[in-house]
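Participant: Under mature numbering (1 follows the signal peptide of the UniProt record, and there is no 0), read the sequence shown as residues -21 to -1, 1 to 517, first letter to last.
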Amino acid sequence: MKKLVALFMVLVVASTAVVFSGCTKSTEDLMENAKVNLPKDKYNTYYQIWIGSFCDSNNDGIGDIQGIISKLDYINDGDDSTDTDLGYTGIWLSPMMPSPSYHKYDVKDYYNIDPQFGTLDDFDQLIKECDKRGIDVIIDFVPNHCSSEHPWFKKALKEAEKGNFNGYAKYFNIKKSSETESGYNCDPDDSSIIYESNFTDTMPEWNYDYEGTKKEMAKAAKFWIDRGVAGFRLDAVRYLYYNDYEKSSDTLKWFYDTCKKEKNDIYMVGEDWSSDMNEVTAMYKSGIDSLFAFPFGDISGKFLGSVISGSINDYTDTLLSYEKKTKEANKNTINAYFLTNHDMSRVGDSLTELYQKKMAAALYMTTPGNAFTYYGEELGMETYDEGDDPAKRTAMIWDSDNLPNVTANGIDRVEDNTDGGGVKQQDKNKDSLLNFYKKLIKLRNCHPGIARGTISALPDDFDGGSGVGGYYLTYKNEKYLVLHNLDIDKHNFEITDKLIDDDYKIAGMFSAKSGKVSIEKNVLTLPAYSTIVLHSTK
């Protein structure tokens, strides 16, 4: 057994060739010749689409379902031999049901499409086109609350005003009170009637103590399952019972189990902003497939924070611990990792340099579980300079020389600040952020063990300083070594048989800044801000 040695010295690399096992291969050939090899299961690399801002097909200033259909070949054209598409295998659609707001999280009708976005026929066409391309579609489903314009809520208030709390009022938490309680708002027509609405008075909350509510939510879920969705992104799962994790988890378990009876392989990912592991594991005990890993997302999360600090040890320690604890709560856990989403300022607001954005992408795209990309993140889009929610959901930039006239969010201009232009411009630049994303997604599609692998720590004597580190991923008879360099300096390591078996091959190499990742005579060179993934079979 050779001793693992970390060589902190500078090597001059004059070639992009990679030498191993007596063979020479170029880094380009390595990725181009790789074959997509994905089992059909609940693992996907997802692209999050904010419908109203993505693509407008009828020039009314609002993105729509037909617009999404027209851009599916950008997301995944269904042909593994091409490199013009991103290669995403799943789409998460923002709320699309009829609603009085632009964001549609206040649903009036759980059985239709908002006319701004299209029709049910349009949605059925979208599902068919996605099926042709091997794309799973999950939709945003809002189980916690509805719109104050929902017909049942209107009837509930009218009945309650007449003293009847046993009709439609049972679907909600409505009562008579002389004092306003925390989380409750007053009936605008009768101040003695109050109803639970923790987010806003326009979003009354459903009452899951009433079996009728459960029956209706199950019916609504079945409606969309029957139309071909692969699953649901569930909004605000921790609030099904406001801040009561045990009861919320029990209700989430009921909903998940109920939907599995309609579709055994249903996929669900829940939104729970908590970073408290006791709260996260409590929700995972519901049996739900995924929860968004909020400790890693946003500016305060481990992905962006680690790139900014240039230190990796806290990131890898947290990742190993998070995977361990969540799988103890639910052995079938598929953690959902992301950089930002529709509720957060974009990556480009925190990471100002292109290489930083590339490095952040490399971190979350090489974690086990499902990876979610917010539309435009692959371009380095920034947030409009007004910091409210609509500013985080501005139009997708397809062509930075011909900006779209999309004003769905009430923003009177398009945020055109990206890293190298829109899709049209970046697609032509081999070093663009867009093309960097394509390579990372191809890695995930060609090596299913990256998403599906069980994570474990590097050998105790691995010494990469504060900037270089990683982990193993084990899947069936395969093992992957993932190493990242977040340091400003180049580092070199001898690849010993203690680090990885001698039969290893290179799965992927990614340099986010400058310099080439290379292996020459078993010495690995990791330039500043780079990633390598090595693959071996047992």
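We put the CB at the ideal spot given by N, CA and C, even for glycine.
By how many angstroms is the C-alpha of M344 removed from the C-alpha of Y508?
Facilitator: On the sequence shown, residue 508 is found 529 positions in, with the first residue counted as 1. On the sequence shown, residue 344 is found 365 positions in, with the first residue counted as 1. C-alpha separation (whole angstroms): 15 Å.
Participant: Any idea what DSSP makes of W252, helix, strand or coil?
Facilitator: By one-based count along the sequence shown, residue 252 stands at place 273. Note: W252 maps to coil in three-state DSSP.
Participant: Among the candidates T362, P274 and F102, whose CA atom is the shortest distance from the CA of F317?
Facilitator: Position 338 of the sequence shown, counted from the first residue, corresponds to residue 317. Out of T362, P274 and F102, P274 has the C-alpha closest to the C-alpha of F317.
Participant: Applying the criterion that 16 or more other CB atoms from any shown protein chain within 10 Å of the CB defines a buried residue, is G366 buried or exposed?
Facilitator: To locate residue 366, count along the sequence shown from 1; it is residue 387. Under this definition G366 is an exposed residue.
Participant: How many Å lie between T513 and A486 at the Cα?
Facilitator: Your numbering for residue 513 matches position 534 in the sequence shown. Your numbering for residue 486 matches position 507 in the sequence shown. Before going on, a small fix: residue 513 reads as Leu here, not Thr. Spanning the two alpha carbons is a distance of roughly 5 Å.
Participant: Would you kindly report the start and end of the unbroken alpha helix (DSSP H) that includes R431?
Facilitator: Position 452 of the sequence shown, counting from 1, holds the residue named residue 431. Unbroken alpha helix (DSSP H) run through R431: G428 to R431.
Participant: Does the Cβ-Cβ distance between I92 and F102 come in under 8 Å?
Facilitator: Residue 92 sits at position 113 when you count from the first residue of the sequence shown. Residue 102 sits at position 123 when you count from the first residue of the sequence shown. Taking 8 Å as the Cβ cut-off, I92 and F102 qualify as a contacting pair.
Participant: Using CA atoms only, rank isn't needed, just tell me which of A13, I28, Y22 and D110 is closest to G57.
Facilitator: Translated into the one-based positions of the sequence shown, residue 57 becomes position 78. Checked all of A13, I28, Y22 and D110; the closest Cα to G57 is D110.
Participant: By how many angstroms is the C-alpha of D236 removed from the C-alpha of F132?
Facilitator: Residue 132 sits at position 153 when you count from the first residue of the sequence shown. Residue 236 sits at position 257 when you count from the first residue of the sequence shown. So the alpha carbons of these two residues sit roughly 27 Å apart.
Participant: Measuring CB to CB, does E394 end up less than 8 Å from Y363?
Facilitator: Here residue 394 is taken as the residue at index 415 of the sequence shown, counted from 1. Here residue 363 is taken as the residue at index 384 of the sequence shown, counted from 1. It is a contact, given that the beta carbons lie within the stated cut-off.
Participant: CB-CB under 6 Å to S228, same chain, minus the five flanking residues each way: which ones, in chain order?
Facilitator: Here residue 228 refers to the residue found at position 249 of the sequence shown. The residues are A261, M262, K264 and S265.
Participant: Hey, E138 and Y147: beta-carbon distance below 8 Å or not?
Facilitator: Within the sequence shown, the letter at position 159 stands for residue 138. Within the sequence shown, the letter at position 168 stands for residue 147. In this structure, Y147 lies closer than 8 Å to E138 by Cβ.
Participant: Identify the continuous alpha helix (DSSP H) that holds N388 and give its terminal residues.
Facilitator: The residue you call residue 388 lines up with position 409 of the sequence shown. N388 -> no alpha helix (DSSP H), and no H or E assigned at all.
Participant: Give me the Cα-Cα distance between Y294 and F282, rounded to the nearest whole angstrom.
Facilitator: Numbered from its first residue, the sequence shown carries residue 294 at position 315. Numbered from its first residue, the sequence shown carries residue 282 at position 303. Distance between the alpha carbons of Y294 and F282 is about 7 Å.
Participant: Go ahead and label D223 buried or exposed: buried means 16 or more other beta carbons lie within 10 angstroms of its beta carbon, across all protein chains shown.
Facilitator: Within the sequence shown, the letter at position 244 stands for residue 223. The residue in question, D223, is exposed, as its Cβ has fewer than 16 Cβ neighbours within 10 Å.
Participant: Beta-carbon separation of G401 and L358 under 8 Å?
Facilitator: Translated into positions along the sequence shown, residue 401 becomes position 422. Translated into positions along the sequence shown, residue 358 becomes position 379. Cβ distance < 8 Å, so G401 and L358 count as in contact.
Participant: Would you list the one or two residues that DSSP bridges to L452?
Facilitator: Your numbering for residue 452 matches position 473 in the sequence shown. DSSP lists I434 and Y459 as partners of L452.
Participant: Apart from the five residues just before and just after D64, which ones in its own chain have a Cβ nearer than 7 Å to its Cβ?
Facilitator: What you label residue 64 is simply residue 85 of the sequence shown in a count that begins at 1. The answer, listed in chain order, is D52, Y53, I54, N55 and D56.
Participant: Would you identify the three-state DSSP class for M247, choosing helix, strand or coil?
Facilitator: Mapped onto the sequence shown, residue 247 falls at position 268. M247 falls in the strand class under three-state DSSP.
Participant: Could you name the residues that DSSP lists as bridge partners for F282?
Facilitator: Numbered from 1 along the sequence shown, position 303 holds the residue referred to as residue 282. BP columns for F282 are empty, so no partner.
Participant: In its own chain, which residues sit with a C-beta less than 6 Å from the C-beta of R217, not counting the 5 before and 5 after it?
Facilitator: Your numbering for residue 217 matches position 238 in the sequence shown. These residues qualify, in order along the chain: S227 and D251.
Participant: Would you mind giving the Cβ-Cβ distance between D85 and V15, rounded to the nearest angstrom? I have them listed as a contact below 8 Å.
Facilitator: Translated into the one-based positions of the sequence shown, residue 85 becomes position 106. Translated into the one-based positions of the sequence shown, residue 15 becomes position 36. Not a contact, Cβ separation roughly 40 Å.
Participant: Tell me where the alpha helix (DSSP H) around G31 begins and ends.
Facilitator: Locating residue 31 in the sequence shown gives position 52, where the first residue counts as 1. First-last of the alpha helix (DSSP H) with G31: I30 to F33.
Participant: Return the CA-CA distance between R431 and S324, expressed in angstroms with no decimal places.
Facilitator: Translated into the one-based positions of the sequence shown, residue 431 becomes position 452. Translated into the one-based positions of the sequence shown, residue 324 becomes position 345. Their backbone Cα atoms lie some 29 Å apart in a straight line.
Participant: Thinking C-alpha only, which one of Y150, P183, K149 and N145 is nearest Y163?
Facilitator: Position 184 of the sequence shown holds residue 163. Answer by Cα proximity: P183.
Participant: With the cut-off set at 8 Å, would you say M247 and S279 are in Cβ contact?
Facilitator: Taking the first residue of the sequence shown as position 1, residue 247 is located at position 268. Taking the first residue of the sequence shown as position 1, residue 279 is located at position 300. Not a contact, by the Cβ cut-off of 8 Å.
Participant: What's the call for I434, buried or exposed, on a 16-neighbour Cβ count within 10 Å?
Facilitator: As a working mapping, residue 434 is identified with position 455 in the sequence shown. I434 comes out buried.
Participant: Write down every uninterrupted run of the alpha helix (DSSP H) in the segment 188 to 270 whose length is 4 residues or greater and which is fully enclosed by it, in chain order.
Facilitator: If we require 4 residues or more, the alpha helix (DSSP H) runs fully inside the segment 188 to 270 come out as 190 to 205, 224 to 241 and 256 to 263.
Participant: Return the residue from the list K87, K107, P74 and R112 that minimises the CA-CA distance to F96.
Facilitator: Locating residue 96 in the sequence shown gives position 117, where the first residue counts as 1. Of K87, K107, P74 and R112, the residue nearest in Cα terms is P74.
Participant: Can you tell me which of Q405, F415 and T305 puts its alpha carbon nearest to the alpha carbon of A491?
Facilitator: For the purposes of this step, residue 491 is taken as the residue at position 512 of the sequence shown. Among Q405, F415 and T305, the Cα nearest to that of A491 is on F415.
Participant: Counting C-beta neighbours from all protein chains within 10 Å, is the total for Y483 16 or more, i.e. buried, or is it exposed?
Facilitator: Taking the sequence shown and counting its residues from 1, one reaches residue 483 at position 504. Burial call: buried.
Participant: With DSSP run on the structure shown, which of helix, strand or coil describes K155?
Facilitator: As a working mapping, residue 155 is identified with position 176 in the sequence shown. In the structure shown, K155 sits in a strand (DSSP, three-state: E or B).
Participant: Just confirm the distance between the C-beta atoms of Y450 and A436, as a whole number of angstroms; I'd bet it's less than 8 Å.
Facilitator: What you label residue 450 is simply residue 471 of the sequence shown in a count that begins at 1. What you label residue 436 is simply residue 457 of the sequence shown in a count that begins at 1. Correct: roughly 6 Å between the Cβ atoms.
Participant: Taking C-beta to C-beta, are N464 and L505 nearer than 8 Å?
Facilitator: Counted from its first residue, the sequence shown places residue 464 at position 485. Counted from its first residue, the sequence shown places residue 505 at position 526. Result yes, Cβ atoms of N464 and L505 sit closer than 8 Å.
Participant: Can you tell me whether G249 is buried or exposed? The criterion is at least 16 other CB atoms within 10 Å of its CB, across all chains shown.
Facilitator: Looking up residue 249 in the sequence shown gives position 270. By the neighbour-count rule (16 or more Cβ atoms within 10 Å), G249 is buried.
Participant: Thinking C-alpha only, which one of N177, A13, T475 and W185 is nearest T61?
Facilitator: Here residue 61 corresponds to residue number 82 of the sequence shown, with the count starting at 1. Of the listed residues, the one whose Cα sits closest to T61 is A13.
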